[in-house]
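Right, one structure below, let's go through it.
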Amino acid sequence: MDLALKDKVGIVTGAGWGMGKAIAEGLAEEGARVVVADIDEARGIAATKQIVDSGGEATFVRADVSRWSEVQQVVSAALERFEHIDILVNNAGAWVMESFAKMQRESWDIQINVNYYGTLNFTKAVLDHMISRKTGCIISIGSDAARIGEPTQTIYSGTKAAILAFTRSLAKEVGRYGIRVNAVCPSLTRVERRVEMEESMRREDPAKFEAYQEQMKKALRLYPLGKFGAPQDVANMVVFLASDLRAGHITGQTISVNGGYCMV
Ligand SMILES: NC(=O)c1ccc[n+]([C@@H]2O[C@H](COP(=O)([O-])OP(=O)(O)OC[C@H]3O[C@@H](n4cnc5c(N)ncnc54)[C@H](O)[C@@H]3O)[C@@H](O)[C@H]2O)c1
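For reference, each letter of the sequence shown is one residue, going 61 to 324 in our numbering.
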């Protein structure tokens with residue numbers, strides 16, 4: 061299916077690793093030119109090189125999404141290199157898993173700053189440009205935790221729910237400029253970070269790994285399709301939503317990519 065993404069320009073935050081990397085690769089495979097924005101320089105450069113080595117066009121800009129001046133630098137660099145910005149994917153995320161009763165206030169800040177302020181910062185930084193061109197597509201990565209709640213993810217769920225509400229309201233505000241705003245909610249997704257964590261647990265603490273496997277088996281019962289997601293599952297939805305040709309009448313929506321884990 062032609063998505064007509066050739067020569068579109070997309071910024072993907074947190075694109076050095078995990079889902080962000082898969083999203084950047086997916087957009088590049090469709091011919092889009094990609095700005096890889098990540099706080100981790102080594103991962104960001106490696107992800108960019110991989111896209112370029114596969115024949116895509118990409119550039120890396122280091123930035124912490126929670127820092128407004130760094131976000132502005134990414135947008136300036138994108139415009140300097142590619143002249144326009146068509147797609148923004150707010151993907152970078154942070155989480156601290158602990159009960160709300162025990163969690164210290166400092167742990168609230170990183171989650172609110174990266175997830176919610178990061179999304180607001182990048183959206184604000186591209187919006188005037190998109191409004192002036194009367195076109196644009198903003199996709200933010202939420203989480204099923206925001207839709208159904210998860211113990212030990214209270215602050216995280218709150219930040220993601222804020223993103224979903226922001227998405228709906230902004231979609232109503234900027235639809236008249238031809239700008240579409242949507243959110244994609246993954247559930248448990250087997251990104252590299254998780255695979256590496258499992259590998260090291262298996263090597264270093266077999267008993268803990270066995271208990272973890274049991275826990276995962278139980279968790280899997282909540283997935284009607286009988287499997288956890290892969291980064292590419294989420295990337296496929298984001299790339300589709302980025303297409304004005306195929307998803308041009310979709311805005312203000314929250315779409316879960318989750319093997320049926322949560323159905324709301
Ligand atoms: N993996 C899951 O199971 C899962 C489930 C639901 C939602 N999500 C959401 O999906 C998104 C991607 O998650 P993931 O699992 O791929 O994460 P990941 O940890 O695998 O990768 C995150 C990337 O974001 C970058 N990053 C982190 N903080 C940043 C910051 N302040 N500024 C710029 N870059 C930053 C990291 O360097 C890394 O490259 C997040 O928003 C996360 O909340 C993930």
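All residues carry an ideal CB built from backbone N, CA and C; glycine is no exception.
| Asked | Found |
| --- | --- |
| Nearest-angstrom Cα separation, counted from Ala92 out to Glu166 | 38 Å |
| Sequence-distant residues of its chain with Cβ nearer than 8 Å to Thr212 (five each side left out) | Met157, Glu158 and Ser159 |
| Exposure of Arg263, with buried meaning 16 or more beta-carbon neighbours within 10 Å | exposed |
| Proximity test, Met79 beta-carbon vs ligand 1 heavy atom, cut-off 7 Å | yes |
| Beta-carbon proximity check, Gln292 vs Ala82, cutoff 8 Å | yes |
| Option nearest Ala106 by Cα separation, candidates Ala123, Glu89, Trp77 and Ser129 | Trp77 |
| Proximity test, Val174 beta-carbon vs ligand 1 heavy atom, cut-off 7 Å | yes |
| Validate contact between the segment 172-182 and the segment 126-134 using beta carbons, cut 8 Å, 3 pairs | yes |
| Thr73 to Lys278 span [Cα, whole Å] | 32 Å |
| Local Cβ density within 10 Å of Gly289, reported as buried at 16 or more and exposed below that | buried |
| Arg281 - DSSP class collapsed to helix/strand/coil | coil |
| Spatially closest choice to Met163 from Ile223, Tyr216 and Glu143, by CA coordinates | Tyr216 |
| Where Asn173 falls: helix, strand or coil (DSSP) | helix |
| Extent of the continuous alpha helix (DSSP H) run through Pro291 | Pro291 to Ala302 |
| According to DSSP, residues forming a beta bridge with Ser200 | Asn150 and Ala243 |
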